[in-house]
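Worksheet: one structure, shown below.
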Amino acid sequence: MGSGAGSAPRLVVDGEDSDRGRGLLLLSALHLAAPHMRGTCVEVMNAEEPPMRAAIESLRWETGLNVRATLRAPEDVLPGAALFVAIAVAGADHLPLAQAAAAGVPVLVPLQFPSDDAPPGTLLLARAAHDPGFLAERMLRHLPPRQPLA
16 MGSGAGSAPR
26 LVVDGEDSDR
36 GRGLLLLSAL
46 HLAAPHMRGT
56 CVEVMNAEEP
66 PMRAAIESLR
76 WETGLNVRAT
86 LRAPEDVLPG
96 AALFVAIAVA
106 GADHLPLAQA
116 AAAGVPVLVP
126 LQFPSDDAPP
136 GTLLLARAAH
146 DPGFLAERML
156 RHLPPRQPLA
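Heads up: the sequence shown begins at 16 in the numbering used here, then just goes up one per residue.
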C-alpha cells in the first residue's frame with residue numbers, strides 16, 4: 016500500500032497522547048480533514064491506549080476514513096507513505112524522524128512549547144500544534160488532491 020502513481024496515498028501518524036505527544040489532537044485534525052481524504056489510508060502508530068483506540072474507531076465510524084492502528088515498527092510502516100505527521104511536546108527526539116528521512120517520507124511535526132534553542136522554522140508550525148483546523152489544512156496540502164467524501 017504505497018503512495019506511488021495510481022495507488023491510494025498513505026498517511027502515517029503518531030498517536031501517542033502523553034507529555035511527549037498530542038495524538039488525540041492530531042485525530043481531531045484528521046476528523047476535520049476526512050471529507051477531503053477519500054481513498055487515503057491512515058495508519059496510527061503508538062495507538063495502544065484505550066482512549067486512542069476508541070478515538071480511532073469513532074473517526075472511522077463517523078467519517079468513513081480508512082484509519083487503523085498499527086503495531087508495525089517505524090522502519091516497516093513508513094516506506095511508501097505520502098507523509099508522517101505528529102504533534103510533539105517540547106521536543107521531537109522520540110519520533111522516528113530518521114526513519115522517515117531514510118524512507119524519503121516528508122514529515123509534518125508541529126511542536127508545542129518549543130525550547131528557546133529550537134530551530135527558527137519551528138515557529139512556522141506553532142499554530143498547527145494547537146489548532147486542529149490549521150493542522151488539517153497543512154496535512155491536506157501535503158497529500159494529493161482527492162474527491163470529497165459524499
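Cβ coordinates follow ideal geometry from the N, Cα and C atoms, glycine included. Here the structure is a predicted model, which means the values were calculated and not measured.
- If you check the CB distance, residue 89 and residue 55 do not come in under 7 Å.
- Between residue 37 and residue 127 the beta-carbon gap is near 7 Å, inside 8 Å, which marks them as a contact.
- Residue 32 and residue 63 have their C-alpha atoms some 10 Å from each other.
- In the structure shown, residue 53 falls within a coil segment according to DSSP collapsed to helix, strand and coil.
- Taken atom to atom, the span from the alpha-carbon of residue 150 to that of residue 129 is near 17 Å.
- For residue 84, the enclosing beta strand (DSSP E) covers residues 81–84.
- Proximity of the stretch 74–81 to the stretch 39–48 meets the contact definition, three or more beta-carbon pairs being nearer than 8 Å.
- Rounded to whole angstroms, the gap between the alpha carbons of residue 48 and residue 94 is 23 Å.
- The residue among 34, 28, 29, 27 with its C-alpha nearest the C-alpha of residue 104 is 34.
- Within the stretch 31–77, the complete beta strand (DSSP E) segments at least 3 residues long are 56–60, listed from N- to C-terminus.
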